[in-house]
Amino acid sequence: MTRPLQLHPQLHGVDHTARPTWKLRETVHFYRDILGLPLVHCISAKGWGREKENHADFLHFFFDSGNASTIAFFYYIGTTQPPELVVPKGYMAMANHTAWRVDSESELLAWQQRLEGSGVNVSQFVQHEVLESIYFRDPNWYPLEITRSLRDLEAPDAVDAAATIAAAMELEESGRWSTIEQLWRQKVKFVEASQAEAVA
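Position 161 of the sequence shown, counted from 1, bears residue number 161 in our numbering, the numbering being contiguous throughout.
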């Protein structure tokens with residue numbers, strides 16, 4: 001029986017994120033014992049899929065990260081870490097990170113102290129617009145964040161985001177984008193055009 005096509009499917013939150021690790025013991029200790037995330041599931045399997053002849057046997061293990069989501073890792077048995085999967089240093093590598101939410105400044109401070117007490121190098125509090133965060137890395141050098149909201153997002157935030165991204169996409173397509181000032185000038189044009197349409 002053919003199921004009817006659902007024209008407007010919805011996503012209901014992030015189920016899990018997953019990354020590879022070649023440091024099994026250190027990763028389990030960090031996430032289970034330092035962060036306190038329960039180990040809730042582990043798949044142990046033969047290599048599979050289209051590349052099963054070359055696919056290493058593996059573990060795929062999951063930690064409960066709150067609100068019905070998990071953070072997971074693959075451990076490929078008998079393999080070594082490929083050079084292209086070594087996490088680079090520098091600000092661009094920080095873009096690929098996992099962030100957990102807490103509700104208050106005191107909770108954020110408590111986490112900073114707990115991590116530092118476990119020998120983890122933790123940043124100072126960093127405020128960026130609507131968030132305040134601390135940053136640190138796990139044994140695989142994956143960047144992590146714990147953050148709290150400084151205010152709720154409101155309708156004007158979405159309007160501003162739409163104008164910013166529209167201006168950014170136009171600049172990207174032009175191939176002549178090198179500074180944030182260009183974006184701001186382009187965004188002004190979008191805002192002025194939107195205001196003119198609203199008045200008309």
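We treat Cβ as the ideally placed atom computed from N, Cα and C, and that holds for glycine.
Just so we're clear, the structure is a prediction, and the values are computed from it rather than from any experiment.
Option in the options with minimal Cα separation from residue i
i    : options                : result
L131 : E172, G90, W100, P139  : W100
S133 : P156, I43, V102, T70   : V102
L39  : G13, R25, W48          : R25
V120 : P143, S65, S44, E173   : P143
H128 : W141, L115, P139, E145 : E145
G66  : C42, T79, Y31, T80     : Y31
M169 : A68, Q182, D157        : Q182
I43  : A18, Q113, E116        : A18
Contact check, residue i vs residue j, beta carbons under 9 Å
i    : j    : result
L37  : F63  : yes
W111 : Y75  : no
F190 : A161 : no
V87  : N140 : yes
P156 : L85  : no
L150 : F125 : no
D15  : S69  : yes
DSSP bridge partner residues for residue i (one or two, in chain order)
i    : result
F63  : L39, I71
F30  : Answer by DSSP bridge pairing: none, since F30 is not bridged.
E132 : Q127, R148
F58  : A45, Y76
W100 : I146
P20  : F74
R185 : In the DSSP output, where bridge partners are listed per residue, R185 has none listed.
R137 : P143
Integer-rounded CB distance, given that residue j should sit under 8 Å from residue i
i    : j    : result
F58  : I77  : 6 Å
T27  : F73  : 6 Å
S123 : F136 : 7 Å
Buried or exposed by the 16-neighbour rule on C-beta atoms within 10 Å, applied to residue i
i    : result
L11  : exposed
Q186 : buried
S104 : exposed
A167 : buried
L35  : buried
D138 : buried
L7   : exposed
L153 : exposed
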